[in-house]
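Trainee: Here numbering that gives the first Met the number 0 is used: position 201 in the sequence shown is 200, and no number is missing along the way.
Built from N, CA and C at the ideal position, the CB exists for glycine as well.
Being a predicted model, the structure only gives us computed values, none of them experimental.
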Amino acid sequence: MLYRAYYRQSGAQLLQDALALVFGHDYDGADPANRLALHNNFARFKASVGAALARGMRSYDDFARLSARPAPLRSAYLAGCLAQHVKPKPRVLDALQDRADRAITTLALSRIHLQDRGLGALLGILPRLSHLRELEMSGNLLGDPAVQMLVPALRFHPTLEAIDLSHNPFTDASLEDLLGLVRTIPNLRRLHLDVCQLSREGRQMVEAELTRPRSHCPSEGTLSCPSDELKGLQTFSQDPI
0 MLYRAYYRQS
10 GAQLLQDALA
20 LVFGHDYDGA
30 DPANRLALHN
40 NFARFKASVG
50 AALARGMRSY
60 DDFARLSARP
70 APLRSAYLAG
80 CLAQHVKPKP
90 RVLDALQDRA
100 DRAITTLALS
110 RIHLQDRGLG
120 ALLGILPRLS
130 HLRELEMSGN
140 LLGDPAVQML
150 VPALRFHPTL
160 EAIDLSHNPF
170 TDASLEDLLG
180 LVRTIPNLRR
190 LHLDVCQLSR
200 EGRQMVEAEL
210 TRPRSHCPSE
220 GTLSCPSDEL
230 KGLQTFSQDP
240 I
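#1: In terms of residue numbering, what span does the beta strand (DSSP E) encompassing Asp93 cover?
#2: Starting from Asp171 and walking both ways along the beta strand (DSSP E), at which residues does that stretch end?
#3: At 4 residues or longer, and completely inside the region 69-146: list those alpha helix (DSSP H) runs for me, N to C.
#4: So, is Ala242 buried or exposed, given that buried needs 16 or more other C-beta atoms within 10 angstroms?
#5: Using CA coordinates, which residue listed in Ala17, Leu209, His38 is at the minimum distance from Asp191?
#6: Evaluate contact between the region 136-151 and the region 109-117, counting only Cβ atoms and requiring at least three cross-stretch pairs below 8 angstroms.
#7: Which of helix, strand or coil does DSSP assign to Ser52?
#8: Between which two residues does the beta strand (DSSP E) harbouring Arg189 extend?
#9: Count Cβ pairs between the region 48-62 and the region 113-120 that sit closer than 8 angstroms; are there 3 or more?
#10: Tell me the rounded alpha-carbon separation between Leu92 and Leu197.
#11: Determine the contact status of Ser165 and Asp143, defining contact as a CB-CB distance below 7 angstroms.
#12: Compute the distance between the beta-carbons of Arg73 and Gln96, then report whether it is under 7 angstroms.
#13: Tell me the residue span of the alpha helix (DSSP H) that contains Ala32.
#14: Can you tell me whether DSSP reads Asp25 as helix, strand or coil?
#15: Determine the direct distance from the alpha carbon of Ala11 to that of Asn39, and round the result to whole angstroms.
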């Protein structure tokens, strides 16, 4: 999708932009006036890229094995930032550094000035976090488009129990999407919506849906099955996750 939608089949430009992004974030920390430091940083960057290419380009079989593996979470996030034309968030990079998909149970993204496009850069990662239990995104700048994007990214997530969307500027236009989150995440027990631009009636609708006994089908595209009693649901809370 990144290749088709943003680069119109121009693979060389895609590679150039990706290399520039990696160099700028990981290697380009020297004073622009310090030419020696700049050249040394570029030499390290060139050696790192060369080593990575050497591993995957020795033969077609090596390349096939390399390309068949899922990208590391950090790399997938950087690719998402490239697609959305946003600057990577240092806290997100730190949270994803050298972490396996199954190792992350809490993703703390509160108060990092995350906007709609910034969330878009994370969408490819969220479904991979199969053991995620808490998603914290309070105190950001997430509007209605961000809430809409969350629904397909988190649909039928097997372990997610708590989402904190407090202190974000989304409105009643997100009501159906918030209800969609509740209906399609089987184990969701807490959805924090404090200090948002939802009306009281909208909050009450989401709260009623969250406390309603329910169960969910695992098949794609089905919102709910005939409900069984689901114990232990909690509604909105002023306490942080």
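Mentor: To lay it out plainly:
#1: Along the sequence shown, one-based indexing puts residue 93 at 94. Note, Asp93: premise wrong, no beta strand (DSSP E); alpha helix (DSSP H) at 89-95.
#2: Sequence index remark: in the sequence shown, residue 171 carries index 172 (1-based). That residue, Asp171, is in no beta strand (DSSP E); it is neither H nor E in DSSP.
#3: 72-83, 89-95, 115-119
#4: This structure leaves residue 242 out entirely; the chain is present only between 0 and 240.
#5: If you number the sequence shown from 1, residue 191 lands on position 192. Reading off the sequence, residue 191 comes out as His, not Asp. Of the candidates Ala17, Leu209, His38, the one whose C-alpha sits nearest the C-alpha of His191 is Leu209.
#6: yes
#7: Position 53 of the sequence shown, counting from 1, holds the residue named residue 52. The residue asked about is misnamed: residue 52 is Leu in this sequence, not Ser. Reduced to three states, the DSSP call for Leu52 is helix.
#8: Walking along the sequence shown from the start, residue 189 turns up at place 190. Its beta strand (DSSP E) spans residues 189-191.
#9: no
#10: On the sequence shown, residue 92 is found 93 positions in, with the first residue counted as 1. On the sequence shown, residue 197 is found 198 positions in, with the first residue counted as 1. Distance between the alpha carbons of Leu92 and Leu197: 31 angstroms.
#11: Residue numbering aside, residue 165 sits at position 166 when the sequence shown is read from its first letter. Residue numbering aside, residue 143 sits at position 144 when the sequence shown is read from its first letter. No; because the gap between Cβ atoms is not below 7 angstroms, this pair is not in contact.
#12: Here residue 73 corresponds to residue number 74 of the sequence shown, with the count starting at 1. Here residue 96 corresponds to residue number 97 of the sequence shown, with the count starting at 1. Yes, the pair counts as a contact, with Cβ atoms nearer than the cut-off.
#13: In the sequence shown, counting from the first residue as 1, residue 32 sits at position 33. Per DSSP, Ala32 belongs to no alpha helix (DSSP H) and is neither H nor E.
#14: As a position in the sequence shown, residue 25 is number 26, starting the count at 1. Helix, per DSSP.
#15: Along the sequence shown, one-based indexing puts residue 39 at 40. Along the sequence shown, one-based indexing puts residue 11 at 12. Spanning the two alpha carbons is a distance of roughly 25 angstroms.
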